[in-house]
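Inspection log for the structure reproduced underneath, given as structure tokens.
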Amino acid sequence: MRIGRTLPPAAAPLSLKEILSGLAALLPGAAARERFEAELREYYRVPHVFLLSSGKAALAVILLALKELNPDRDEVLVPAYTCYSVPAAVIRAGLKVRPCDIDPQTLDYDWSRVGEAMAGGRLLGAVSTHLFGLPADVERLKRMAAGHGVTVIEDAAQAMGGEVGGRKIGTLGDVALFSLGRGKALSTVSGGIILTGSDELGEAIAGVVGVLPVEGCHENLKNISYALALLVLVRPNFFWLPKAIAILKLGETIFDASFELKRLGDFQAGLSNGWQEKIAALRETRLKSVMAMITAGVCGPVISNHCAPNIIKFPILVNDVDARGRLLLQSELLGLGISAVYPGTVPKIPELKDRYDETEFPHAEYVAKRIVTLPVNPYVTSSDIKRIYELYRQYSD
Ligand SMILES: Cc1ncc(COP(=O)(O)O)c(C=O)c1O
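Given below as structure tokens:
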């Protein structure tokens, strides 16, 4: 166990001012949720915005609404390597997960495998994921979905604030979700957002959301204590402490399909005060670190000139699986914040096992064994980047 300066793998730090805004939002008549919704509608120029208790709740709500509109369809296409919350939300909505292999270069779909999934008439939706904030090719998925009655769901859980060709991530699919969880592009401790320009879908989502409770006193108290703890403990000088406490299970990936569906609480909505300026500044800082790493010689995904992504962790593949293990161990000892992310593919999640032919997802399997992410959060200094690069150079080939 390391005691001393330790970088968090990802962070969207909260300030005391934001926590005070969160507390002010608990006062009668503060209307922070209405304010946040209106700002999102204006910023993204979409008519329908919904605030939920988490990103996975947002995805489950989208799927429940789609299910109501298309009761004959019951499958959802998801990348075979993604956050476990995605298949969990599909199961939570009473639907079937249909994993599709990925391209190790882009972490987006292996396009040669998408066509067969579209054609079967069972697909309700296809999830296009901006993993770690790297822009996915949503347009390509939309073109492939066209004519098959499949809704393209933009999973921008990790990508809020990014842009592609001058268009905002979150407005590229038929419907989109963001996560406001810890370590995301923007955080209100926890929370989720749905955006859609479709009136039909917007109405169906409103029907689902309308009967959900707003996070209440209990959740507000929990989120206030988390926010106060994060204010201090996410800083590199203190981050070793929560990391050392095993019961916090920091960085562990858990599959849980029994999560609650609620609307975002007032405290979290209050925390979002000033989010537009904050997210732009965070994007710039993170992108600078990504570019500094690439300039130093780190070989990661190509960032096209016409993108301004909000990358929350920079993913790379370490070809030698044993070397990857040693890299992660060294990073742990040195407190450099290099992280292993999701431990396996979607088809191998123990709760989903035996439903799929595991040999169908060779690229996802390859990635799961080799991926690590480098930290690019606002706490990463130029001397950290040098040290991260030196370590990377020792273990990559
Ligand atoms: C790609 C992706 N989708 C969905 C989610 C779900 O978001 P939340 O953690 O807010 O439930 C996450 C969360 O990490 C994610 O990374």
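42 is the number of the first residue of the sequence shown in this note's numbering; add one for each residue after it.
From the three backbone atoms N, C-alpha and C, an ideal C-beta is built for every residue, glycine too.
Does the beta-carbon of residue i have 16 or more other beta-carbons within 10 angstroms, so that it is buried, or is it exposed?
{"i": "Glu431", "result": "exposed"}
{"i": "Gly306", "result": "buried"}
{"i": "Val275", "result": "buried"}
{"i": "Gln309", "result": "buried"}
{"i": "Glu195", "result": "buried"}
{"i": "Arg74", "result": "buried"}
{"i": "Thr519", "result": "Nothing about residue 519 can be reported from this structure: the residues present for the chain run from 42 to 438 only."}
{"i": "Ser220", "result": "buried"}
{"i": "Ser330", "result": "buried"}
{"i": "Pro254", "result": "exposed"}
{"i": "Ile210", "result": "buried"}
{"i": "Glu116", "result": "buried"}
{"i": "Asn360", "result": "exposed"}
{"i": "Met332", "result": "exposed"}
{"i": "Pro112", "result": "exposed"}
{"i": "Met201", "result": "buried"}
{"i": "Arg133", "result": "buried"}
{"i": "Lys394", "result": "exposed"}
Mapping the DSSP letters down to three states, classify residue i as helix, strand or coil.
{"i": "Cys340", "result": "coil"}
{"i": "Asp115", "result": "coil"}
{"i": "Ala72", "result": "coil"}
{"i": "Cys258", "result": "helix"}
{"i": "Leu92", "result": "strand"}
{"i": "Ser62", "result": "helix"}
{"i": "Lys137", "result": "strand"}
{"i": "Phe279", "result": "coil"}
{"i": "Glu301", "result": "coil"}
{"i": "Val87", "result": "coil"}
{"i": "Ile295", "result": "coil"}
{"i": "Ala160", "result": "helix"}
{"i": "Ala349", "result": "strand"}
Excluding the 5 residues flanking residue i on each side, which residues of the same chain have their C-beta closer than 6 Å to its C-beta?
{"i": "Asn261", "result": "Gly306, Phe308"}
{"i": "Val273", "result": "Phe279"}
{"i": "Glu59", "result": "Leu312"}
{"i": "His347", "result": "Gly206"}
{"i": "Ala130", "result": "Lys97, Leu100, Ala101"}
In this structure, what does DSSP give as the bridge partners for residue i?
{"i": "Thr123", "result": "The partner list for Thr123 (beta bridge, DSSP) is empty, contrary to what the question assumes."}
{"i": "Tyr150", "result": "Ile143"}
{"i": "Ser169", "result": "Glu195"}
{"i": "Phe355", "result": "Leu415"}
{"i": "Lys209", "result": "Glu204"}
{"i": "Ser313", "result": "Per DSSP, none; premise fails for Ser313."}
{"i": "Phe219", "result": "Ile234"}
Leaving aside the five residues before and after residue i along the sequence, list all residues of the same chain whose C-beta is less than 7 Å from its C-beta, in chain order.
{"i": "Pro388", "result": "Ala121, Pro140, Tyr397, Glu399, Phe402"}
{"i": "Glu406", "result": "Thr386"}
{"i": "Trp152", "result": "Arg181"}
{"i": "Tyr84", "result": "Gln317"}
Among the residues of its own chain, which have a CB less than 8 Å from the CB of residue i, if the five just before and after it don't count?
{"i": "Ile30", "result": "Given a span of 42 to 438 for the chain in the structure shown, any question on residue 30 remains unanswerable."}
{"i": "Ala71", "result": "Ala65, Asp307, Gly311"}
| request: Tell me the start and end of each unbroken alpha helix (DSSP H) in the region 364-414 that is at least 4 residues and wholly inside, in chain order. | output: 403-411
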